[in-house]
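Following: one structure in structure tokens, then a few remarks.
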Amino acid sequence: MRLLDAELVETREILPRQWLQRYRAPWLAAGARAGQFVHVRTPDYSGLVLRRPISINTVDRVAGEITLHFRIAGKGTELLARGRPGDSVPMLGPLGRPFEVDPRTHHVLLIAGGLGVAGVRFLADESLEAGRQVTLLFGAATAGDVYPSTLLPDEVEYVVATEDGSLGQPGRVTDLVPAYEAWADQAFACGPSPMLAALAALAAGRQARLGVARLGRKRGTGRPVPLGSPQARRRSWLQVSMEQHMGCAVGACLGCVVWGVEGPLRVCREGPVFAAEEIAWEEPA
Ligand code: FES
Numbered sequence: 014m015r016l017l018d019a020e021l022v023e024t025r026e027i028l029p030r031q032w033l034q035r036y037r038a039p040w041l042a043a044g045a046r047a048g049q050f051v052h053v054r055t056p057d058y059s060g061l062v063l064r065r066p067i068s069i070n071t072v073d074r075v076a077g078e079i080t081l082h083f084r085i086a087g088k089g090t091e092l093l094a095r096g097r098p099g100d101s102v103p104m105l106g107p108l109g110r111p112f113e114v115d116p117r118t119h120h121v122l123l124i125a126g127g128l129g130v131a132g133v134r135f136l137a138d139e140s141l142e143a144g145r146q147v148t149l150l151f152g153a154a155t156a157g158d159v160y161p162s163t164l165l166p167d168e169v170e171y172v173v174a175t176e177d178g179s180l181g182q183p184g185r186v187t188d189l190v191p192a193y194e195a196w197a198d199q200a201f202a203c204g205p206s207p208m209l210a211a212l213a214a215l216a217a218g219r220q221a222r223l224g225v226a227r228l229g230r231k232r233g234t235g236r237p238v239p240l241g242s243p244q245a246r247r248r249s250w251l252q253v254s255m256e257q258h259m260g261c262a263v264g265a266c267l268g269c270v271v272w273g274v275e276g277p278l279r280v281c282r283e284g285p286v287f288a289a290e291e292i293a294w295e296e297p298a
């Protein structure tokens with residue numbers, strides 16, 4: 014983890030109020046893993062605006078570049094979106110714990126709600142590089158909010174649901190999951206908390222529905238591993254990347270705490286990626 018200036022190389026609006034920016038940031042490109050994030054100091058230096066946590070969207074290790082995908086959600090991100098190529102933006106990272114993919118996993122299911130696609134996009138690249146098959150299930154309110162397929166590698170199977178039925182399957186992204194739960198060796202999700210809670214409930218009943226565990230062995234059996242460890246996440250069928258407001262992003266302020274089954278968890282330090290069974294979910298609406 015280092016704090017350095019990244020140079021803005023390219024910036025464009027890819028959806029209404031959502032921006033994709035490419036930065037030259039060799040120290041991030043070299044070490045980042047899918048699921049990690051950066052803490053970005055926005056160009057408002059009044060001292061009133063905190064840094065913004067933004068998922069690392071993609072990485073080009075050869076060019077030493079990363080992309081960030083964010084939504085304008087206040088003054089800080091509005092100023093960030095106004096940046097021009099050549100601007101310097103201080104970034105702290107890479108931060109947080111990454112997704113952990115079981116080496117035996119062949120079929121990777123990514124599940125994203127809205128801007129949550131930024132949390133799993135990097136994992137699509139990592140998975141394809143490792144020779145895995147990738148399906149991305151994406152949910153949005155309406156067609157105008159759907160993540161452009163042109164921003165995905167051709168090898169990714171892309172399935173869309175919209176709540177108003179204007180594109181893809183009518184309904185929520187969670188409605189798409191049952192058709193893929195037998196195919197997927199592991200699933201990785203990012204999006205609003207109610208969506209993640211609904212997915213956790215689906216995942217909890219999956220093994221009973223399918224009758225047998227995938228990958229030729231029963232998950233959760235064998236030598237016990239501590240909850241919260243990389244090994245525990247690797248064994249989990251569903252990993253979730255939690256979105257939370259952050260202050261310090263380094264574990265000091267407790268501004269990002271969520272409740273786990275064994276007590277409070279800091280999203281910035283113990284997360285943002287968790288095994289679904291680590292979290293004490295509220296009942297899905
Ligand atoms: S943001 Fe300060 S502890 Fe996580």
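Under my numbering, the first residue of the sequence shown carries the number 14, and numbering increases by one thereafter.
Every residue, glycine too, gets a C-beta built ideally from N, C-alpha and C.
The model shown is predicted, which means the values in this text are computed figures rather than measured ones.
**OP:** Can you grab the Cα-Cα spacing for the pair Phe112 / Arg246, in whole Å?
**Re:** For the purposes of this step, residue 112 is taken as the residue at position 99 of the sequence shown. For the purposes of this step, residue 246 is taken as the residue at position 233 of the sequence shown. Cα-Cα distance, rounded: 8 Å.
**OP:** Give me the Cα-Cα distance between Gly48 and Glu295, rounded to the nearest whole angstrom.
**Re:** Residue numbering aside, residue 48 sits at position 35 when the sequence shown is read from its first letter. Residue numbering aside, residue 295 sits at position 282 when the sequence shown is read from its first letter. Each residue's alpha carbon lies about 23 Å from the other.
Subject >> Secondary structure of Leu165, DSSP reduced to three states >> reply: The count along the sequence shown starts at 1 and reaches residue 165 at position 152. In the structure shown, Leu165 sits in coil (DSSP, three-state: anything other than H, G, I, E or B).
Subject >> Where the beta strand (DSSP E) through Pro66 begins and ends >> reply: Taking the first residue of the sequence shown as position 1, residue 66 is located at position 53. Here the beta strand (DSSP E) through Pro66 covers 65-73.
Original post:
If we count Cβ pairs, one from each stretch, closer than 8 Å, do we get three or more for the stretch 187-198 versus the stretch 109-126?
Top reply: yes
Original post:
Does at least one heavy atom of the ligand FES sit under 7 Å from the Cβ of Leu108?
Top reply: Start at 1 with the first residue of the sequence shown, and residue 108 comes out as number 95. For the ligand FES, not one heavy atom lies less than 7 Å from the Cβ of Leu108.
Subject >> Counterpart residues of Met104 in DSSP-defined beta bridges >> reply: Walking along the sequence shown from the start, residue 104 turns up at place 91. Looking at the DSSP output, Met104 shares a beta bridge with Leu17, Val53.
Original post:
Are Cys266 and His258 close, meaning C-beta to C-beta below 8 Å?
Top reply: Sequence index remark: in the sequence shown, residue 266 carries index 253 (1-based). Sequence index remark: in the sequence shown, residue 258 carries index 245 (1-based). Not in contact: Cys266 and His258 (Cβ atoms no closer than 8 Å).
Original post:
Helix, strand or coil: which one does DSSP assign to Glu176?
Top reply: Here the question's residue 176 lines up with position 163 in the sequence shown. Glu176 falls in the coil class under three-state DSSP.
Original post:
Any idea which residues DSSP pairs Leu150 with across the strands?
Top reply: Taking the first residue of the sequence shown as position 1, residue 150 is located at position 137. Note: Leu150 sits in a beta bridge opposite Ile124, Val172.
Original post:
Using the C-alpha atoms, what's the distance from Ala288 back to Trp250?
Top reply: By one-based count along the sequence shown, residue 250 stands at place 237. By one-based count along the sequence shown, residue 288 stands at place 275. Taking the CA atoms as reference points, Trp250 sits about 8 Å from Ala288.
Original post:
Counting along the chain, where does the alpha helix (DSSP H) carrying Phe135 start and finish?
Top reply: Taking the sequence shown and counting its residues from 1, the one referred to as residue 135 is at position 122. Start and end: 130-142.
**OP:** Take the Cβ of Trp66 as the centre, count every other Cβ of all protein chains shown within 10 Å, and call the residue buried at 16 or more, exposed below.
**Re:** The sequence position of residue 66 within the sequence shown is 53, counting from 1. In the sequence as presented, Trp is not what sits at residue 66; that position holds Pro. Buried, by the Cβ-count rule.
Subject >> Short Cβ contact (8 Å threshold) for Tyr160 with Val130 >> reply: Numbered from its first residue, the sequence shown carries residue 160 at position 147. Numbered from its first residue, the sequence shown carries residue 130 at position 117. A contact, by the Cβ cut-off of 8 Å.
**OP:** Determine the burial state of Ala143: buried for a count of at least 16 other Cβ atoms within 10 Å of its Cβ, exposed for fewer.
**Re:** On the sequence shown, position 130 is the one that residue 143 refers to. Counting Cβ neighbours within 10 Å, Ala143 comes out exposed, since fewer than 16 surround it.
Original post:
Taking Gln252 as the reference, which of Arg145, Met208, Glu170, Arg84 has the closest Cα?
Top reply: Against the sequence shown, residue 252 aligns to sequence position 239. Looking at the Cα atoms, Met208 is the closest of the given residues.
Original post:
By DSSP, does Trp294 sit in helix, in strand, or in coil?
Top reply: Indexing the sequence shown from 1 puts residue 294 at position 281. Coil, per DSSP.
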